Amino acid sequence: MLVVRGAARRPTTPAPAHPDVDPYLGAAVTPAPPGDDREAVAERRARAARSLACADIVDALGRIHRHHAHIHDLVTPTPGRVLFGPAVTISFFPSCSVMADPETHTFGALFQQAVGVKSDDARGKVLVLASNGHRDVSIGGATKLSLLARYGLAGVLTDARLRDFAQLKSYPFAAYCSAEAVRWGGDVITPYQANVPIVVAGVGVHPGQYVFADDSGAVVIPEPDIDAVLDGAVTVGKEEAAFRARVEQERTTGRAGTEGQQER
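The opening residue of the sequence shown carries number 240 in the working numbering; numbering runs sequentially from there.
Spelled out as structure tokens, the structure:
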């Protein structure tokens, strides 16, 4: 388990009513200073991603890499919202109080390890939660995931279930998961490691890689290639639009105009 060094000593105050939310997470994030180059780059990428479709990004990534990077069969309590940003990860493990002390392996503690200790580290990140084979178990709900809204994350992606879709819909972030749950899953799996490489629905996710998800699916993009993939997805979209236009021209005029175009 990763350990955050140099953290302030926790005060001895009563625990919260909900056992999975750590009360010692500090103040919420504050906006980055105006003109911050990193913030400008992040906003430019996010703005570009919101205009793209998952299929176009998958095709663009496939022109650079051949590894499996996309995820199917996701559902969302936030339909129509695009999820995009660099990944921070939490790996869950079968619950065992001997191997994972329930006093320290809380969602709140692992969340803080994942997003970082600086006030603005979390903003725009995507929390990726790996169930390690427990796709039918709830990995979180409105109580735990309220931390994402508080700290300005872009959203959450998991191959497990989420609870409280109605409440999650009211939060400002996007959420994608395997299905909705009604039962708490903390007796089955527990947060175990933060910001380690994980596998979500068969796709490897390293911290810092970019995650994109929309209603059709999700894809994980290596950080060094993010700009090339976003630009490539725009090109793919234009190529597909041009192909459809040629098909329509052929239909209306009877003239062939689709030679040389590979259908996807």
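Note that the Cβ used here is the ideal one computed from N, Cα and C, for glycine as well. In this text, all values refer to a predicted model and were calculated from it rather than measured experimentally.
Length-filtered (4 minimum) alpha helix (DSSP H) runs lying within the region 339-363 | The region 339-363 contains these whole alpha helix (DSSP H) runs: 346-354.
Among Gly-355, Gly-347, Thr-397, Leu-392, nearest to Asn-371 - alpha-carbon criterion = In the sequence shown, the residue the question calls residue 371 occupies position 132. Per the Cα distances, Thr-397.
So what does DSSP say about Ala-480, is it helix, strand or coil?
-> Indexing the sequence shown from 1 puts residue 480 at position 241. Helix at Ala-480.
Runs of beta strand (DSSP E) wholly within the region 431-466 (minimum 3 residues, chain order) = 437-439, 442-444, 449-453, 456-460
Does DSSP put Ile-296 in a helix, in a strand, or in coil?
-> Residue mapping note: residue 296 aligns to position 57 of the sequence shown, counting from 1. Correct three-state label for Ile-296: helix.
Thr-315 beta carbon less than 8 Å from that of Tyr-415 = In the sequence shown, the residue the question calls residue 415 occupies position 176. In the sequence shown, the residue the question calls residue 315 occupies position 76. A contact, by the Cβ cut-off of 8 Å.
N- and C-terminal bounds of the alpha helix (DSSP H) containing Phe-332 | Translated into the one-based positions of the sequence shown, residue 332 becomes position 93. Per DSSP, Phe-332 belongs to no alpha helix (DSSP H); it is in the beta strand (DSSP E), 322-333.
Pro-333 to Ser-377 span [Cα, whole Å] = The residue labelled residue 333 in the question sits at position 94 within the sequence shown. The residue labelled residue 377 in the question sits at position 138 within the sequence shown. Straight-line Cα distance between these residues: approximately 13 Å.
Arg-283 versus Pro-430, Phe-323, Gly-493, residue with shortest Cα-Cα distance = For the purposes of this step, residue 283 is taken as residue 44 along the sequence shown, with counting starting at 1. Among Pro-430, Phe-323, Gly-493, the Cα nearest to that of Arg-283 is on Phe-323.
Per-residue DSSP class, three states only, for His-373 = Walking along the sequence shown from the start, residue 373 turns up at place 134. In this structure, His-373 counts as coil in the three-state DSSP scheme.
DSSP three-state assignment for Ala-288, whether helix, strand or coil | Position 49 of the sequence shown holds residue 288. Residue state, collapsed to three classes: helix.
Can you give me the start and stop residues for the alpha helix (DSSP H) that Ala-413 sits inside?
-> Residue numbering aside, residue 413 sits at position 174 when the sequence shown is read from its first letter. Taken as a continuous stretch (DSSP letters only), Ala-413 belongs to no alpha helix (DSSP H), being part of the beta strand (DSSP E) at 413-415.
Opening and closing residue of the beta strand (DSSP E) in which Leu-396 lies | The count along the sequence shown starts at 1 and reaches residue 396 at position 157. 394-397 is the extent of the beta strand (DSSP E) around Leu-396.
Taking buried to mean at least 16 other C-beta atoms within 10 Å of its own C-beta, is Ser-336 buried or exposed?
-> Translated into positions along the sequence shown, residue 336 becomes position 97. Flag for Ser-336 reads exposed.
Give the straight-line distance between the Cα atoms of Gly-471 and Ala-288, rounded to the nearest whole angstrom.
-> Stepping through the sequence shown from its first residue, residue 471 is reached at position 232. Stepping through the sequence shown from its first residue, residue 288 is reached at position 49. Cα to Cα, Gly-471 sits roughly 12 Å from Ala-288.
Keeping to the same chain, check which residues put their C-beta closer than 6 Å to that of Arg-402; ignore five residues upstream and five downstream.
-> The residue given as residue 402 occupies position 163 in the sequence shown. Contacts found: Ser-377, Gly-380, Ala-420.
According to DSSP, which residues form a beta bridge with Val-486?
-> Position 247 of the sequence shown holds residue 486. Answer is none; Val-486 lacks a bridge partner.
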